[in-house]
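Position one of the sequence shown corresponds to residue 1 (my numbering), numbered consecutively onward. Ideal Cβ placement from N, Cα and C applies to all residues, glycine included. Model, not experiment: these values are computed from the prediction. Some notes on the structure that comes next.
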Amino acid sequence: MSRRGFSVRVCYFGTYEQSYPRNKVVIDAMRMAGVEVLECHHPLWELIRHKTGPFLSPRSLLAFTLRFLKGYVKLIVTFLRRAGDAQLVMVGYIGQLDLVLAKLLSMVGKRRKLIFNPLVSLYDTLVDDRSLFSPDSLAAHFLFFLDRLAFRLADRIILDTDVHIDYISEKFGIDRDKFERVFIGADEEVFSSRPWQKRLSPFVVLFVGKFIPLHGIPYIITAASMLEEEDIRFEIVGSGQLYDEIMELYRRLAVKNIAFTDWIPYQQLADKMAQANLCLGIFGESGKARRVIPNKVFQGLAVGMPVITGDSPASRELLTGGQSAALVPMANPEALAGAIRTLKGDRALRKKIALGGQEIFRRRCSTEALGKQLKALCQRMLRRT
Numbered sequence: 001m002s003r004r005g006f007s008v009r010v011c012y013f014g015t016y017e018q019s020y021p022r023n024k025v026v027i028d029a030m031r032m033a034g035v036e037v038l039e040c041h042h043p044l045w046e047l048i049r050h051k052t053g054p055f056l057s058p059r060s061l062l063a064f065t066l067r068f069l070k071g072y073v074k075l076i077v078t079f080l081r082r083a084g085d086a087q088l089v090m091v092g093y094i095g096q097l098d099l100v101l102a103k104l105l106s107m108v109g110k111r112r113k114l115i116f117n118p119l120v121s122l123y124d125t126l127v128d129d130r131s132l133f134s135p136d137s138l139a140a141h142f143l144f145f146l147d148r149l150a151f152r153l154a155d156r157i158i159l160d161t162d163v164h165i166d167y168i169s170e171k172f173g174i175d176r177d178k179f180e181r182v183f184i185g186a187d188e189e190v191f192s193s194r195p196w197q198k199r200l201s202p203f204v205v206l207f208v209g210k211f212i213p214l215h216g217i218p219y220i221i222t223a224a225s226m227l228e229e230e231d232i233r234f235e236i237v238g239s240g241q242l243y244d245e246i247m248e249l250y251r252r253l254a255v256k257n258i259a260f261t262d263w264i265p266y267q268q269l270a271d272k273m274a275q276a277n278l279c280l281g282i283f284g285e286s287g288k289a290r291r292v293i294p295n296k297v298f299q300g301l302a303v304g305m306p307v308i309t310g311d312s313p314a315s316r317e318l319l320t321g322g323q324s325a326a327l328v329p330m331a332n333p334e335a336l337a338g339a340i341r342t343l344k345g346d347r348a349l350r351k352k353i354a355l356g357g358q359e360i361f362r363r364r365c366s367t368e369a370l371g372k373q374l375k376a377l378c379q380r381m382l383r384r385t
């Protein structure tokens with residue numbers, strides 16, 4: 001088993017959202033690298049587009065709990081039937097509860113080590129970032145307990161940035177050596193490279209995402225209001241938690257150069273990006289906003305778009321300002337407006353950033369690059385078995 005290149009079989013386990021980019025990219029990457037991936041999956045999260053708001057009502061949570069319990073019975077049966085040849089078990093996003101079940105099942109028959117692909121801490125997301133629960137609430141304490149339990153039960157944890165790893169390790173008391181940074185990447189079946197081209201007037205700035213705090217959409221709207229007279233049109237695609245507050249700001253500022261679209265099919269996002277001049281990342285002021293690089297940034301890089309995003313410790317792990325992205329201070333609409341104005345007037349700089357971002361994606365975040373990293377991780381774990 002110690003020889004280089006031995007075969008690896010992984011059971012990708014849970015109620016994870018199959019189509020969510022993090023899950024799909026990790027599965028595709030492992031398969032591209034020659035890892036045999038056996039999916040033991042029961043659909044649950046695909047049915048819930050927005051996992052906040054009405055979803056958190058008592059009636060909705062009760063219905064979800066019933067579906068959850070029925071799903072676990074089916075998931076156990078699927079695991080017992082399909083996972084016999086798997087050497088490792090990887091639990092996908094969203095998977096804190098799934099990790100507990102996977103730990104129990106991994107002890108049935110031959111023991112298997114667990115890799116956790118959580119993407120986020122539930123406590124950090126729902127309590128600290130989105131403020132859906134008070135830190136003193138019972139729900140917050142439960143989420144903290146569930147996060148810590150899952151992180152402790154896993155043998156290895158993959159997260160998207162080193163600064164995110166540092167936070168999780170310190171917050172939940174988890175050994176830093178248990179983690180490995182694996183960038184999020186992008187689904188290259190959808191977000192394939194497009195030739196860089198000159199786009200005609202008006203100059204289009206695109207943002208795509210759910211309206212959550214870390215995105216910093218109010219700063220985008222304020223920046224747009226500063227650029228109304230400069231032949232720049234903003235297109236904002238999405239909806240979500242802060243929709244009412246964002247629309248109230250939009251009406252109060254009477255911004256005339258923004259077009260809102262509720263949503264577009266995932267398969268059309270790359271074409272939408274390619275029709276714009278710039279793609280926007282995130283600009284929020286929360287701690288989480290400084291610890292992550294969102295899907296939309298990786299997707300823009302993969303397509304070959306010039307990307308503007310917040311200058312954060314996470315961003316600097318991958319990106320260099322003026323070379324692979326335009327980085328601006330977080331929560332600063334004046335700086336964002338200034339960067340857009342500069343890039344609008346400098347086609348050569350836009351092209352440089354677009355090509356630089358595309359190259360850094362190819363080398364460090366492509367499906368091929370991530371696959372090699374994940375396969376090496378699996379092989380190291382098996383050598384220690």
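- With respect to SER201, ASP231 sits close: the two C-beta atoms are nearer than 9 Å.
- Boundaries for LYS372: no beta strand (DSSP E) harbours it, while the alpha helix (DSSP H) harbouring it runs 367–383, taken from the DSSP string.
- A residue is called buried once 16 or more other Cβ atoms fall within 10 Å of its Cβ, and SER7, having fewer, is exposed.
- Distance between PRO333 and PHE179, taken at the CA atoms: about 35 Å.
- In the DSSP assignment, ALA259 falls within the beta strand (DSSP E) that extends over 258–261.
- From the listed residues GLY371, LEU280, VAL89, the smallest Cα separation to ARG111 is found for VAL89.
- In this chain, the alpha helix (DSSP H) harbouring ARG362 covers 347–364.
- For ALA326, the uninterrupted beta strand (DSSP E) segment begins and ends at 326–328.
- In this structure ASP124 is buried. Its beta-carbon is surrounded by 16 or more other beta-carbon atoms within 10 angstroms.
- Within the stretch 275–317, the complete beta strand (DSSP E) segments at least 3 residues long are 278–280, 307–310, listed from N- to C-terminus.
- Rounded to the nearest angstrom, the gap between the Cα atoms of CYS378 and PRO213 is 35 Å.
- The Cβ atoms of VAL26 and GLY95 do not sit closer than 9 Å to each other.
- When DSSP reads this structure, LEU38 sits in a beta bridge with CYS11.
- By the Cβ neighbour-count rule, ARG130 is buried, with 16 or more other Cβ atoms within 10 Å of its own.
- Counting other Cβ atoms within 10 Å of its Cβ, VAL77 stays below 16 and is therefore classed as exposed.
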